[in-house]
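Residue numbers (the UniProt record's numbering), protein chains in the order written: chain A, 1 to 152; chain B, 1 to 152.
Reading through the structure tokens given below for one structure.
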DNA sequence: CCAAATAGTAGGTGTGAACCCACTATAGGG
DNA sequence: CCCTATAGTGGGTTCACACCTACTATTTGG
């Protein structure tokens, strides 16, 4: 009867599985940091979208982040209550709500970004700088494919 | 007001985030395939552990897979009902239950492995063979670190 | 000017995952 | 022989996430 530990090699031979394990670790650690501030990953994603592209109508946020509009409403609401984003009703089309970053939101995002980089340093510690760059590039390629498939 | 789509670059610049996105995609696709057979990832993990290391006492499975013993019981129960594993009460220590693969279970695992490789080919399509090998190695290193940290 | 489409929102559903506790059966040490 | 530890198990909790539906307010096209 086996008592030794260690994950099954036949699973670790599958990049799919390895990717899902490391992804889970990355997600989990990042989520933990965010949870300390009462936030979830989507809060950070929304802040990042606003920082990168400026104010969005909620519908646009939903499209960009591939998140359900009703879930966007909830996330935005929480961010607004906390003072990290502003919501202003569009005067021309009163159905629309423009969401924009507040200075507090921008500052928060900077902190979250720093946290994420700390998680990253910790997670990718066994990799050289060159390897990290390579990994980043490969993941980008893979992500681009996933994303285009999802969109198309 | 922004209307274009595409994820925020500031997120895609974080390997942590990319890893979590690609990991989610990998996990999701694999889980979908498994779901078609009424299985979840843990079922596959248990089958793989048994195939790689032979029969386990449930406690040992729990340790190896870092899964709660009570959850192991549930997964093993489902596999046993489906005829993929055998459970036999240890004669020497009647508290223990030895779990082993049945031929059906071994066959199932082979199919699941093939599915996983198909998912992998699809997911890693944008990468060359050399890159896939590199990715695999890097992920292994990262995983090894995660695993040792969790264990220690 | 009305019908249809659209933006936002409230509320609810189902699922996987990660835990936790209590309980039974059994074993083993003092 | 009893006390404690251990294996397995059933049951329940909490959480994030992905969805879906119904409804209001508003705009727009015919």
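Yeah, the Cβ is synthetic: ideal placement off N, Cα and C, and Gly gets one too.
All values derive from a computational prediction rather than experimental measurement.
Status (buried if at least 16 other CB within 10 Å, exposed otherwise) for residue i
{"i": "residue 115/B", "result": "buried"}
{"i": "residue 9/A", "result": "exposed"}
{"i": "residue 15/B", "result": "buried"}
{"i": "residue 27/A", "result": "buried"}
{"i": "residue 46/A", "result": "buried"}
{"i": "residue 121/A", "result": "exposed"}
{"i": "residue 23/A", "result": "buried"}
{"i": "residue 32/B", "result": "exposed"}
{"i": "residue 113/B", "result": "buried"}
{"i": "residue 40/A", "result": "exposed"}
{"i": "residue 81/B", "result": "exposed"}
{"i": "residue 60/A", "result": "buried"}
{"i": "residue 148/B", "result": "exposed"}
{"i": "residue 35/B", "result": "exposed"}
Beta-carbon contacts of residue i that lie in its chain and below 6 Å, excluding the five residues immediately before and after
{"i": "residue 29/A", "result": "119"}
{"i": "residue 88/B", "result": "98"}
{"i": "residue 146/B", "result": "none"}
{"i": "residue 37/A", "result": "none"}
{"i": "residue 7/B", "result": "none"}
Cut-off 7 Å between Cβ atoms - residues of its own chain near residue i, not counting five sequence neighbours on either side
{"i": "residue 58/B", "result": "69, 72, 73, 76, 97, 99"}
{"i": "residue 152/B", "result": "Its pLDDT being 44, under 50, residue 152/B is placed unreliably by the model, and the measurement read from it follows with that caveat. Result list for residue 152/B: empty, nothing under 7 Å."}
{"i": "residue 11/A", "result": "17"}
{"i": "residue 85/A", "result": "50, 76, 79, 99, 100, 101, 102, 105"}
{"i": "residue 133/A", "result": "none"}
{"i": "residue 13/B", "result": "none"}
{"i": "residue 83/A", "result": "102, 104"}
{"i": "residue 48/B", "result": "109"}
Backbone secondary structure at residue i - three-state DSSP
{"i": "residue 138/B", "result": "helix"}
{"i": "residue 116/A", "result": "helix"}
{"i": "residue 101/B", "result": "strand"}
{"i": "residue 93/A", "result": "coil"}
{"i": "residue 23/B", "result": "helix"}
Residues near residue i by beta carbon distance below 8 Å, same chain, minus five either side
{"i": "residue 90/A", "result": "57, 96, 97, 98"}
{"i": "residue 117/A", "result": "none"}
{"i": "residue 53/B", "result": "64"}
{"i": "residue 127/B", "result": "135"}
Run of the alpha helix (DSSP H) containing residue i, from where it starts to where it stops
{"i": "residue 126/B", "result": "That residue, residue 126/B, is in no alpha helix (DSSP H); it is neither H nor E in DSSP."}
{"i": "residue 9/A", "result": "9-12"}
key: Inside the segment 27-89 of chain A only - beta strand (DSSP E) runs reaching at least 3 residues   = For the segment 27-89 of chain A, whole beta strand (DSSP E) runs of length 3 or above, ordered along the chain, are 85-89.
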